[in-house]
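For what it's worth, UniProt numbering labels the leading residue of the sequence shown as 1, then goes sequentially.
Encoded as structure tokens, the structure appears first; notes follow it.
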Amino acid sequence: MRNDPALAAVTEIRPGRYPELDELALHSAVISAFLDQWDVRPGDIDGVLAAPTGVLTEGGADVAVHEKVADELGIRPRFSQTMYAGGAGYALMVARAAEAIAAGRADAVLCISAGKFPKVGAASGEKIAKFVSHPEFEYPYGTYIPVLYALFAQRWMAETGATGEDLAAVAVAQRQWALLHPDAFMRDKGPLTVADVLGSRMIASPFHLYDCSVPLEGGAALLVTSGERARAVNERPAYLLGYGEVHMEGAVSMRSTFDTGGATDAARQAFAMSGLAPSEIDVAQLYDSFSSNPLMYLEECGLAGRGKAPELYRSGATAPGGSLPVNTYGGLMSFGHTGDASGMSMVVEGALQVMGRAGDRQAPRTSTALVHTHGGMLSEHATLILGDRAES
Numbered sequence: 001m002r003n004d005p006a007l008a009a010v011t012e013i014r015p016g017r018y019p020e021l022d023e024l025a026l027h028s029a030v031i032s033a034f035l036d037q038w039d040v041r042p043g044d045i046d047g048v049l050a051a052p053t054g055v056l057t058e059g060g061a062d063v064a065v066h067e068k069v070a071d072e073l074g075i076r077p078r079f080s081q082t083m084y085a086g087g088a089g090y091a092l093m094v095a096r097a098a099e100a101i102a103a104g105r106a107d108a109v110l111c112i113s114a115g116k117f118p119k120v121g122a123a124s125g126e127k128i129a130k131f132v133s134h135p136e137f138e139y140p141y142g143t144y145i146p147v148l149y150a151l152f153a154q155r156w157m158a159e160t161g162a163t164g165e166d167l168a169a170v171a172v173a174q175r176q177w178a179l180l181h182p183d184a185f186m187r188d189k190g191p192l193t194v195a196d197v198l199g200s201r202m203i204a205s206p207f208h209l210y211d212c213s214v215p216l217e218g219g220a221a222l223l224v225t226s227g228e229r230a231r232a233v234n235e236r237p238a239y240l241l242g243y244g245e246v247h248m249e250g251a252v253s254m255r256s257t258f259d260t261g262g263a264t265d266a267a268r269q270a271f272a273m274s275g276l277a278p279s280e281i282d283v284a285q286l287y288d289s290f291s292s293n294p295l296m297y298l299e300e301c302g303l304a305g306r307g308k309a310p311e312l313y314r315s316g317a318t319a320p321g322g323s324l325p326v327n328t329y330g331g332l333m334s335f336g337h338t339g340d341a342s343g344m345s346m347v348v349e350g351a352l353q354v355m356g357r358a359g360d361r362q363a364p365r366t367s368t369a370l371v372h373t374h375g376g377m378l379s380e381h382a383t384l385i386l387g388d389r390a391e392s
């Protein structure tokens, strides 16, 4: 791409529970942490991309977050928008920012999000169920997020022969990574075993409790600039080598197949743009609301053959010390699933690995990273390929 767009700086606050902060106050905390960590001044930023807050919480959605972020920074950006595609929105922010950089519409775009999960209760449960379900063919029958994801998982398991033990192995490997991350929420809980996962209570077959992500609060910010500007901030930025996106039917009952499909097509676009092959990816960050997602996405993104992803987990390839590290920050299941901001975490980690800034969890080879995120009921898909060198 023209101007070699790159992630110059990334910051994520510790996931947890912040009852004293509303979602806009969480954004302020993210901005403060970002400016404290990096040699970036508000005046250096001329673009802002944000996500709406409160999409699923009781207070209702705020769809002009970009304005409030700009006000907090004291800037008048020439490229600015609040955009939403669920968990896929944050990889898409990077892509939109890169397009603006390449077109000369902006020099430095801050991508930011912070979120909270709604409080558990009948009112919030009904709101979420309506949000994710078809009003005629799903909602009246009591569908809910784990149930809808379980449909995809059960179909994939039936077609590939995968087992509950294979799903549990994902949770085990990601907890191993979380033990190396000082900010991972589940770090203090210690390691997991397959028996622990299978012994936890059933949520929606095939998912046990430890097959599910941990609902928390938090946020993150990314700065996308030209390669030249990025190198002035960070001696080893993460260049955007390729990206792809696919937007599928919003309701599960509208699908013609339970193969997600979108991940395959989005990854294919990203690889074509980057000029790389799946075999050239060093590390992968894959959206993991539930333990089935990384398995399915390893296959759909071309990093494993059909039905072969479980073998990567059984062999230890995806765990610390393995040949294809996956979700090196612990994933949403052990690092934490930060509400509306959840898709930020894997983009941040992909960038940190390429930058060589991942601390104790730094993988040995990180010249390239694939990040795949999804939103909705596996309806929005976005793939990024990051690298430590600009396109040749």
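Note that CB positions come from ideal geometry on N, CA and C, so glycine has one too.
(1) Would you list the one or two residues that DSSP bridges to D166?
(2) Where does G161 fall in DSSP's three states?
(3) Since G242 sits in a beta bridge, which residues does DSSP pair it with?
(4) What would DSSP say about G359, mapped onto helix, strand or coil?
(5) Contact defined as beta carbons within less than 8 Å: I believe V233 pairs with M377. What is the distance between those atoms, to the nearest angstrom?
(6) Checking 9 Å against the spacing of the C-beta atoms, do A88 and L222 come in under that value?
(7) Identify every run of the beta strand (DSSP E) within the stretch 211 to 238, keeping only runs that are complete inside it and at least 3 residues long; order them along the chain.
(8) With E23 as the anchor, note down where its alpha helix (DSSP H) starts and where it stops.
(9) With contact counted as at least three CB pairs below 8 Å, one residue from each stretch, are the stretch 165 to 182 and the stretch 320 to 334 in contact?
(10) Between which two residues does the alpha helix (DSSP H) holding T368 run?
(11) Three or more C-beta pairs under 8 Å: does that hold for the stretch 238 to 246 against the stretch 47 to 54?
(12) Among G142, T11, Q362, S28, which residue has its Cα nearest to the Cα of A319?
(13) Using a threshold of 9 Å, state whether the C-beta atoms of V347 and P5 are closer than that.
(14) Using only the heavy atoms of the ligand NAP, determine whether one of them is closer than 8 Å to the beta carbon of G74.
(15) Which residue comes first and which comes last in the alpha helix (DSSP H) that contains L298?
(16) Taking its Cβ as the centre, do 16 or more other Cβ atoms sit within 10 Å of S133, making it buried, or is it exposed?
In short, the structure shows the following:
(1) Answer is none; D166 lacks a bridge partner.
(2) coil
(3) I385
(4) helix
(5) Not confirmed; about 37 Å, so no contact.
(6) no
(7) Every unbroken stretch of the beta strand (DSSP E) spanning 3 or more residues and falling wholly within the stretch 211 to 238 is given here in chain order: 218 to 225.
(8) 23 to 37
(9) The stretch 165 to 182 vs the stretch 320 to 334: in contact.
(10) Run containing T368: none in the alpha helix (DSSP H); it sits in the beta strand (DSSP E), 368 to 375.
(11) no
(12) Q362
(13) Not closer than 9 Å, so no.
(14) You won't find the ligand NAP in this model; it holds no ligand whatsoever.
(15) 292 to 300
(16) S133 comes out buried.
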